[in-house]
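Just so it is clear: in the sequence shown, position 363 is 363 by the UniProt record's numbering, and no numbers are missing. We put the beta carbon where it would ideally sit given N, CA and C, even for glycine. Beneath this line is the structure, given in structure tokens, with notes to follow.
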Amino acid sequence: MIERINLLTISLIGLFTNLFINPQRLAIKQKIRVHIDSNRYGGVTQKGKSNWVWGENQPGAILLANHDGDPNEHVPNTKSRSELSELRIDPIPSDLTSDNQKLHIYATENAAKRFSIYKENCSGDLELVLGYDPTGKNEPLSLSPALSLDGEKLYVEANQLPNAYFDGLITLEIQIVNHDTKVIKEAEQVVFRVAPWIMTPNTQRPLKVFTVRLTDEHGHETNGKFLSDLLRACNSLNIPLQIIEGSDYKGDHWIQDEIEFGYCQGAGHSIPVVFDGPRNRGLDSFPEDELLASDFGHFQIEGEQVNSREEYNSLDGFGNLEVSPPVVVNGRNYPFGRIVFGGKKFADYGDGDRQMMPEIRRFLYAQKVQSPIEVFSDWLAVGHVDEFLNFIPDSSKKGFKLMLASTKKCINKLNELKRDGYGAVNMFVGRKKGKHDSDISAEISIDDFLADKPLIAFNAQCQRNIDLNREVLKQELGLNDSDIIEAPVLFKPYNKEERAAAYFPDMVNHLVLNNHSLVPKPYGPLKDGKDVFEEMMIDCLPNGHKAIFIEDWYSYHQEFGEVHCGTNTLRQFFTNRNWWDTMPDGGFNI
């Protein structure tokens, strides 16, 4: 019996050796030879075309979604085809080329909406043969017309990023079909994954800062001091500043909420891509008007809810969307960092509860490589995470510190000043509530502030909310207390639900440019001629990181925003790593 089993084993080994190791045998069996960039080097190969595996030196072809504004990608005699990936089919063997045998490419109807395949005609034009028609004139094609049996060189591009309804995988089947019987005689399968959209953290080099000039009905600047401070800082740091004319965009100056910069990385090419938010306010057309260009992409989330103005709430603004620097959490590597947004529910505001739009939330999760973390931001009137957290580059092994707002630290300092005899000193000297020509002074003494027990209790609750988020972020980012720095911030209740708004310019809500922080000027109490709040901010920053204070009291702070809200930054994308080299949370191989 044992001898018979051994003979059977030997026979099976011989069979598998013949089938899978003998290249001549493989050549005989493979009737359709298809080449794609499955090795992720920018060329084409036949190996691994039907697999998609995460990891270095693993098979799996990548498609870039064509969201840029290049008008030359589908016209003759141009080399500007950066989002197109080659798919080559070798000549079909003669035993499959009888008159009734035809070559086709097939995709499911659902998949056909996600990509386009083109063939170059004799004039050099690219003609659609399968998938989505970007002109919108025709329905997506799920079956190509008959292709040449003498071989084809085709070009593939995606037209959608991974999203709530699309995991990013596209499967095509190249078929030899008998047109008389409709029987598929031979078939080969190829698989692509669409490159995800990746956000860039504060640790990446800034390439350009954006802000908006505000003017009154007479054309006079109303945020001139903010602009001059910001321009001076950017010039000193050798970082370009683009000033957008607010008069072209209905005076909308919340550029942080309108757009989020990121990029998409292909095997041989990466492009910046801006996510255009669902606010649909004055700046809505800015990215299309001034950013969309050759090799600069733009997209908006599609979906009935996102396009419905009634469904938008403040948590959908992109001040509520940040990303950490790269982290390792319990041995798990996140080489592009982790997205952080406000969505977790820790309180009950009844009918006033807010959540980020499901389409946006699902889109962020669908990108996979920056596995999102949800924190609690609904306790804030505006509801944005940039009001209580920031990421500050430093020279530690982790490469950054997490900055959190601290009402406790601020109140403790005010109590200390009171004990030292500074209780009569005023905060916010020369500032007004509301507009600069208001008759209502914002000045208040340290004594009077500390005597407002309901306000002190309110700030204690704000601190508890921040502490909840602190624990979430420590766990999800793999941090300990030494990785966290605290900046002094105070809040005040706003509206009937008593959500929180900044009591004085929120110094956490600032712009990080390399080893400098552009911080809203807080107008704190003076001690020995120095602003106590400014000194506390300077002291909490990592060694070598410097603060530059920017005037924003009237043009931003009094309108529930700060320096970060009024700016946006295009940053250098990662050039020393590939998103496909590390399997993310929820990733799988095929």
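Which whole-angstrom value is the C-beta distance of residue i and residue j, which I expect to be below 8 Å?
i	j	result
tyrosine 494	alanine 381	4 Å
tryptophan 580	glycine 60	7 Å
valine 369	glutamate 322	The pair is not a contact, with the Cβ atoms about 16 Å apart (cut-off 8 Å).
phenylalanine 391	proline 372	Not really, about 15 Å apart at Cβ, beyond 8 Å.
glycine 317	aspartate 257	3 Å
glycine 168	proline 140	With a Cβ gap of about 17 Å, glycine 168 and proline 140 do not count as contacting.
isoleucine 446	proline 335	Not quite, the Cβ-Cβ distance comes to about 47 Å (not below 8 Å), so this is no contact.
arginine 232	asparagine 514	Going by Cβ atoms, the distance from arginine 232 to asparagine 514 rounds to 16 Å, so no, they are not a contact pair.
leucine 315	aspartate 378	7 Å
isoleucine 174	valine 34	6 Å
residue 628	aspartate 37	Examination of residue 628 is not possible in this model, given that the chain is present from 1 through 590 alone.
CA-CA distance, residue i and residue j?
i	j	result
proline 91	glycine 151	4 Å
glutamate 56	glycine 337	19 Å
leucine 12	isoleucine 105	Caution applies to leucine 12, whose pLDDT of 38 falls short of 50 and renders its modelled position unreliable; the model cannot decide the point.
isoleucine 444	alanine 293	50 Å
asparagine 480	lysine 474	6 Å
leucine 389	isoleucine 259	19 Å
lysine 345	serine 247	38 Å
leucine 570	glycine 277	16 Å
glutamine 242	isoleucine 176	55 Å
alanine 112	leucine 283	33 Å
residue 648	arginine 464	With the chain covering 1 to 590 only, the question about residue 648 has no answer from this structure.
valine 53	asparagine 589	5 Å
isoleucine 360	aspartate 180	48 Å
leucine 63	arginine 193	6 Å
arginine 4	asparagine 330	The pLDDT assigned to arginine 4 is 41, lower than 50, so where the model puts this residue is not dependable, and the model offers no usable value.
asparagine 6	proline 326	Only weak support exists for where asparagine 6 lies, its pLDDT of 43 falling under 50; the value from the coordinates is given anyway. Each residue's alpha carbon lies about 53 Å from the other.
asparagine 578	glutamine 58	12 Å
phenylalanine 363	isoleucine 255	21 Å
isoleucine 89	serine 50	14 Å
leucine 103	tyrosine 155	16 Å
serine 244	glycine 561	Checking the sequence, you will find isoleucine at residue 244 rather than serine. Cα-Cα distance, rounded: 18 Å.
valine 212	cysteine 540	30 Å
aspartate 272	aspartate 420	A small correction: the amino acid at residue 272 is proline; aspartate does not occupy that position in the sequence shown. Distance between the alpha carbons of proline 272 and aspartate 420 is about 53 Å.
tyrosine 523	asparagine 568	24 Å
glutamate 559	valine 472	29 Å
threonine 222	aspartate 552	11 Å
glutamate 109	serine 142	5 Å
Looking at residue i and the ligand ATP, is the gap between the Cβ and the nearest heavy atom below 8 Å?
i	result
proline 140	Of ligands this structure carries none, so the ligand ATP is not represented either.
Spatial neighbours of residue i within its chain, please: C-beta separation below 7 Å, excluding the five flanking residues on both sides.
i	result
cysteine 410	Pro488, Val489 and Leu490
methionine 536	Lys413 and Pro488
serine 308	For serine 308, the predicted model reports a pLDDT of 46, less than 50, meaning its position is unreliable; a value from the coordinates is still stated below. Cβ within range, chain order: n/a, list empty.
phenylalanine 549	Val519, Lys521 and Glu534
asparagine 178	Asn100, Gln101 and Lys185
histidine 557	Ala502, Pro505 and Pro520
serine 270	Tyr263, Cys264 and Phe573
threonine 97	Leu149
lysine 397	none
Using a Cβ-Cβ cut-off of 6 Å (strictly less than) and excluding sequence neighbours within five positions of residue i, which residues of its own chain qualify?
i	result
valine 512	Asn202
glycine 69	Leu292 and Ala293
valine 129	Ile117, Lys119 and Ser144
Provide the residue span of the beta strand (DSSP E) that contains residue i, from first to last.
i	result
tyrosine 494	491 to 494
proline 272	270 to 276
leucine 414	Where leucine 414 is concerned, there is no enclosing beta strand (DSSP E), although the alpha helix (DSSP H) it sits in stretches over 407 to 417.
proline 393	389 to 393
tyrosine 312	Segment: none, tyrosine 312 is in no beta strand (DSSP E) and carries neither H nor E.
arginine 88	85 to 89
glutamate 359	Glutamate 359 -> not in any beta strand (DSSP E); alpha helix (DSSP H) instead, spanning 358 to 366.
glycine 342	339 to 342
histidine 510	That residue, histidine 510, is in no beta strand (DSSP E); it is neither H nor E in DSSP.
glutamine 300	297 to 300
leucine 321	321 to 323
asparagine 578	Where asparagine 578 is concerned, there is no enclosing beta strand (DSSP E), given that its DSSP letter is neither H nor E.
Starting from residue i, follow the alpha helix (DSSP H) in both directions and report where the run begins and ends.
i	result
serine 236	224 to 236
asparagine 66	Run containing asparagine 66: none; DSSP gives neither H nor E here.
leucine 479	Careful: leucine 479 lies outside any alpha helix (DSSP H) and carries neither H nor E.
leucine 450	446 to 451
isoleucine 255	255 to 258
alanine 112	109 to 112
tyrosine 249	Looking at the DSSP string, tyrosine 249 is not in any alpha helix (DSSP H), and its letter there is neither H nor E.
phenylalanine 533	532 to 540
Leaving out five residues on either side along the sequence, give the residues of the same chain with a beta carbon under 8 Å from the beta carbon of residue i.
i	result
aspartate 394	Phe400, Lys401, Pro542, Asn543, Gly544 and His545
glutamate 498	Phe458
Check whether the Cβ of residue i lies closer than 9 Å to any Cβ atom in chain B.
i	result
proline 140	Judged by its chain identifiers, the structure shown contains no chain B, having just a single protein chain.
At which residue ranges does the segment 119 to 169 contain complete beta strand (DSSP E) runs of 3 or more residues, listed in the order of the chain? The segment 119 to 169 contains these whole beta strand (DSSP E) runs: 126 to 131 and 152 to 158.
Unbroken alpha helix (DSSP H) runs of length 4 or more, entirely within the segment 177 to 218: which are they? List check, alpha helix (DSSP H) in window: nothing returned.
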